[in-house]
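Reviewing the structure listed below.
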Amino acid sequence: MTHNKILLFDGVCNFCDGTVQFVLKHDKKEVFSFASLQSEAGQSLLRKHGLPLEDYDSFVYLDEGKVHTKSTAALRVLKELGGIYRALYLLIAIPKPIRDAVYMMIAKNRYKWFGKKDACTLPSKDVRKRFL
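Residues 12 to 143, numbered by the numbering used here, are exactly what the sequence shown covers, in order.
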């Protein structure tokens with residue numbers, strides 16, 4: 012399996028885990044691969060792209076070598092999922108500083124609102140091949 016579309020996520024965040032589960036469920040073409048930001052693979056990709064190694068406030072979408080973060084990453088993933096989710100990409104028209112301010116409000120409060128795990132969830136055997 013080639014890994015051209017990679018989602019890096021906070022592996023101990025319940026909201027982030029829910030997001031990964033959502034993408035897994037709706038990614039019918041199985042185009043996305045995943046790695047937690049805390050994992051060896053995640054850290055390696057962060058280093059490779061010059062991204063912070065300890066700031067887990069952003070979802071990162073690596074799309075064939077292009078780096079997308081925060082609200083842009085989320086909207087591009089929805090666009091890629093297609094169907095009704097593709098329509099949400101129209102929110103890209105909202106100026107980035109406004110989109111990212113909303114994104115950061117959620118990111119800064121995600122542990123308080125959704126909880127935190129002690130460790131990353133291990134993927135089930137049938138989807139494990141999609142995790143780096």
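Heads up, the beta-carbon is just placed ideally off N, CA and C, and yes, glycines get one too. Model, not experiment: these values are computed from the prediction.
Residue i - containing beta strand (DSSP E), residue span
| i | result |
| --- | --- |
| Tyr72 | 71 to 74 |
| Ser44 | 43 to 47 |
Member of the options whose CA lies at the smallest distance from the CA of residue i
| i | options | result |
| --- | --- | --- |
| Thr30 | Ser69, Ser50, Ala104 | Ser69 |
| Asn120 | Leu92, Cys24, Lys16, Val42 | Cys24 |
| Leu64 | Lys123, Ser47, His79, Lys77 | Ser47 |
| Lys140 | Ser44, Val78, Ile17 | Ser44 |
| Phe185 | Val78, Lys77, Asp28 | This structure cannot speak to residue 185, because the chain is shown only from 12 to 143. |
| Gly76 | Val138, Leu143, Asn15 | Asn15 |
| Tyr122 | Tyr67, Val138, Gln49 | Tyr67 |
Buried versus exposed, by CB contacts within 10 Å (16 or more), residue i
| i | result |
| --- | --- |
| Ile109 | exposed |
| Leu57 | buried |
| Ser82 | buried |
| Leu18 | buried |
Start-to-end residues for the alpha helix (DSSP H) that takes in residue i
| i | result |
| --- | --- |
| Leu56 | 51 to 59 |
| Pro108 | 107 to 125 |
| Ile95 | 94 to 98 |
| Asn15 | Where Asn15 is concerned, there is no enclosing alpha helix (DSSP H), given that its DSSP letter is neither H nor E. |
| Lys128 | Element bounds for Lys128: n/a, residue is neither H nor E. |
Cross-strand partners of residue i (DSSP beta bridge)
| i | result |
| --- | --- |
| Phe20 | Ser47 |
| Thr83 | The partner list for Thr83 (beta bridge, DSSP) is empty, contrary to what the question assumes. |
| Val11 | With the chain covering 12 to 143 only, the question about residue 11 has no answer from this structure. |
| Phe142 | Phe45 |
- [ ] Take every Cβ of the stretch 33 to 44, pair it with every Cβ of the stretch 81 to 95, and state whether three or more of those distances are shorter than 8 Å.
- [x] yes
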